[in-house]
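Asker: One structure follows; several queries about it will come next.
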Amino acid sequence: MSPAGEAGSAAAIARVRPAPAFRPGMGPVAKRALDVVGAALGLVLLLPLLLVVALLIKCDSRGPVLFRQSRIGLGNRPFRVWKFRTMTCCENGSVVRQARRDDPRVTRIGRVLRRTSLDELPQLVNVLLGSMSLVGPRPHAVAHDAQFTGTVARYAERHAVRPGITGWAQVRGCRGETPNAAAMQRRVDLDLAYIEHWSLLLDLLILGMTLREIFRSQAAY
110 MSPAGEAGSA AAIARVRPAP AFRPGMGPVA KRALDVVGAA LGLVLLLPLL LVVALLIKCD
170 SRGPVLFRQS RIGLGNRPFR VWKFRTMTCC ENGSVVRQAR RDDPRVTRIG RVLRRTSLDE
230 LPQLVNVLLG SMSLVGPRPH AVAHDAQFTG TVARYAERHA VRPGITGWAQ VRGCRGETPN
290 AAAMQRRVDL DLAYIEHWSL LLDLLILGMT LREIFRSQAA Y
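Residues in the sequence shown are numbered from 110 upward in steps of one, following my numbering.
This is how it looks when you write it as structure tokens:
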């Protein structure tokens with residue numbers, strides 16, 4: 110989707126319901142500081158792993174190592190999210206099919222990356238650039254935002270904060286496919302609860318729970 114198309118979709122989403130403002134004060138400053146320090150340290154410490162993953166992707170299937178897709182972020186502004194490519198295709202248009210169990214589009218190494226969430230690690234760059242946070246509502250493809258904004262209550266309010274690499278919904282079991290509005294509604298309810306009750310301690314708790322979830326969850330595929 111072109112930047113103009115992304116902006117148009119973002120404007121349409123914003124008109125459905127205005128997103129609430131994030132609480133003022135030092136909280137956002139502390140959150141941003143955690144993001145910058147955490148993302149920088151993560152990129153440095155994980156650099157060998159990132160290089161190995163990139164090599165495995167290149168050897169496993171044809172196509173780019175990294176995949177960029179349009180998402181809607183803070184204040185309904187569009188941005189490009191970075192991920193390791195896990196599929197044989199790179200969908201980024203008005204129709205984006207969610208990955209399903211035993212999806213033939215997912216590569217061999219892609220299955221491992223998706224199950225362990227290692228495909229999300231390039232988003233540390235998004236965090237440094239300011240388009241994402243370490244913790245927040247997970248950003249969805251623009252096509253899915255357009256689909257669920259009209260069917261899921263308060264969906265657009267997720268864009269009141271920066272989207273995250275991980276979030277309260279993910280550590281509470283909402284990973285993987287959202288096949289219908291009811292499944293997305295539960296995820297949105299958890300995202301809004303996170304926004305309402307945000308604290309730096311909650312972010313640290315979610316980061317710790319994310320490590321545990323990676324090793325035990327069977328929802329991501």
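Just so you know, even glycine gets a beta-carbon here, dropped at the ideal spot from N, CA and C.
How is the alpha helix (DSSP H) around L238 delimited, first residue to last?
Answerer: Element bounds for L238: 232 to 238.
Asker: With DSSP run on the structure shown, which of helix, strand or coil describes A255?
Answerer: Three-state result, A255: helix.
Asker: Below 6 angstroms CB to CB, which residues in the same chain sit around D169 once its five sequence neighbours on both sides are set aside?
Answerer: The residues are T216, R217, I218.
Asker: Counting only runs that start and end within the stretch 134 to 172, where is the alpha helix (DSSP H) found for 4 or more residues in a row?
Answerer: Runs found: 136 to 154, 156 to 169.
Asker: Report the rounded CA-to-CA distance for A130 versus R171, giving the unit in angstroms.
Answerer: In this predicted model, A130 has a pLDDT of only 45, less than 50, meaning its place in the structure is not dependable; the value taken from the coordinates is given anyway. Cα to Cα, A130 sits roughly 43 angstroms from R171.
Asker: How long is the line joining the alpha carbons of I304 and P248, rounded to whole angstroms?
Answerer: Computed Cα separation, rounded: 14 angstroms.
Asker: Which of the three DSSP states, helix, strand or coil, is assigned to W307?
Answerer: Coil at W307, not helix or strand.
Asker: Considering only residues of the same chain and omitting the five flanking positions on each side of G151, which have a CB-CB separation below 7 angstroms?
Answerer: Excluding residues within five positions, the ones whose Cβ falls inside 7 angstroms are L233.
Asker: Please state the DSSP three-state secondary structure of V204.
Answerer: Only weak support exists for where V204 lies, its pLDDT of 49 falling under 50; the coordinates are left without a value.
Asker: Taking A163 as the reference, which of D144, P231, G147 has the closest Cα?
Answerer: Ranking the options by Cα distance to A163, first place goes to P231.
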